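Asks: My questions will all concern the structure given below.
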Amino acid sequence: MGKLPLKRVKNLINKLHDNGYFTKDDIIEEKDISESTFKRTLKDLRDILGIEISYSRSEKRYKLSEKSSFMENISDLKLRSLKNRELIFIYSFIKGIFESKIYFPPIDSHEERDGYTYFLNFLKSRIDKEYLDIANHIEYRSSEHYKPNNIMFTSIIDDIIKSFQNNYVLSFRYRSTHHNSKSERFVQPIKLINYQGKWYLIGYDFELEKTMMFNLSFIESNIRKTDKYRFKWDIEDPMTIDQLIRRLKDEK
11 MGKLPLKRVK NLINKLHDNG YFTKDDIIEE KDISESTFKR TLKDLRDILG
61 IEISYSRSEK RYKLSEKSSF MENISDLKLR SLKNRELIFI YSFIKGIFES
111 KIYFPPIDSH EERDGYTYFL NFLKSRIDKE YLDIANHIEY RSSEHYKPNN
161 IMFTSIIDDI IKSFQNNYVL SFRYRSTHHN SKSERFVQPI KLINYQGKWY
211 LIGYDFELEK TMMFNLSFIE SNIRKTDKYR FKWDIEDPMT IDQLIRRLKD
261 EK
């Protein structure tokens, strides 16, 4: 079996995904390919990707066969295109994140743990057997600068995610080590970021009228929704995430 002609099948895959069908004339005219090349591409879809295409004479269209799962085949293709060497590092890295209390929010239920186990087993199933033993010799460890209170940390993460979903401003009591003080902050969340083993909330501070980074371990109260400030749809702040991180380094 030859190498997958990605350039040739890309257009067909895009049309299948967007429209659910394609026509021979569309492909030949757009890509300026011969009819024999078009037929060879259909064969590649079936033989290499496992995607079955059926032809409707009444509609003069090529469609995805009912027994062919488009998303499963495409997902499988992406994994199959990775080498075993790459997969064992990906597997070890994700396993390390799942098992970390620093990089990954605590797993609170059997259902969640079963979900993560299923995902890891799915990755393992894509690695050749002789390489699985090698994966046991590779380990990623998180740098544990602090150990957050699991209950508090989970609650903070959940409240931030809810604010992303529903677009509202948060308030919380924050301990600033730089100024050695505590204050009530009113913040519109922009991004959660894990930097050197610590979780930070990047958000627009309405009192200071600028974007700030907040260390989650320094939040000393439950996060609450607040109506004191209205949600801003167009935050204009020249401070980028990279600049915030550089400033964080300078303050240490």
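According to the working numbering, the stretch in the sequence shown is residues 11 to 262, in order.
Beta carbons: idealized from backbone N, C-alpha and C, even for Gly.
Quick caveat: nothing in here was measured; it's all calculated off a predicted structure.
1) Have a look at the DSSP bridge pairing and note the partners of Glu-194.
2) The alpha helix (DSSP H) with Ser-46 in it runs from where to where?
3) Count the other C-beta atoms from every protein chain shown that fall within 10 angstroms of the C-beta of Trp-243, then say buried if there are 16 or more, exposed otherwise.
4) Please tell me whether Arg-195 and Glu-217 are closer than 8 Å, where the distance is taken between their beta carbons.
5) Quick one: what's Gly-213 bridged to in DSSP?
6) If you drop the 5 nearest sequence neighbours on each side, which residues of the same chain put their C-beta closer than 7 Å to that of Asn-177?
7) Does the contact criterion of 3 or more C-beta pairs under 8 Å hold for the region 163-181 versus the region 133-151?
8) Just to confirm the assignment, what range does the alpha helix (DSSP H) spanning Lys-105 have?
9) Taking the CB atoms as reference points, tell me whether Leu-7 and Leu-55 lie closer together than 8 Å.
10) May I ask which residues mark the beginning and end of the alpha helix (DSSP H) holding Lys-139?
11) Expressed to the nearest angstrom, what Euclidean distance is found between the alpha-carbon atoms of Glu-62 and Leu-26?
12) State whether the region 197-216 contacts the region 225-236, with contact taken as three or more CB pairs (one from each stretch) at a distance under 8 Å.
13) Alpha carbon to alpha carbon, how far is Phe-32 from Ile-167?
14) With DSSP collapsed to three states, give me the class of Gly-207.
15) Count the other C-beta atoms from every protein chain shown that fall within 10 angstroms of the C-beta of Gln-175, then say buried if there are 16 or more, exposed otherwise.
16) What's the C-alpha gap between Thr-47 and Lys-53?
17) Sort Lys-49, Lys-34, Phe-103 by Cα distance to Lys-70 and report the nearest one.
18) Please report how far the alpha carbon of Arg-185 lies from the alpha carbon of Ile-107, in whole angstroms.
19) How should Gly-30 be labelled, buried or exposed, when 16 other C-beta atoms within 10 angstroms of its C-beta is the threshold for buried?
Replies: Answer, in terms of the structure:
1) Arg-183
2) 45-57
3) exposed
4) yes
5) Pro-199, Met-222
6) Phe-241
7) no
8) 94-108
9) Any property of residue 7 remains undetermined from this structure, which presents the chain solely from 11 to 262.
10) 139-145
11) 12 Å
12) yes
13) 44 Å
14) coil
15) exposed
16) 10 Å
17) Lys-34
18) 28 Å
19) exposed
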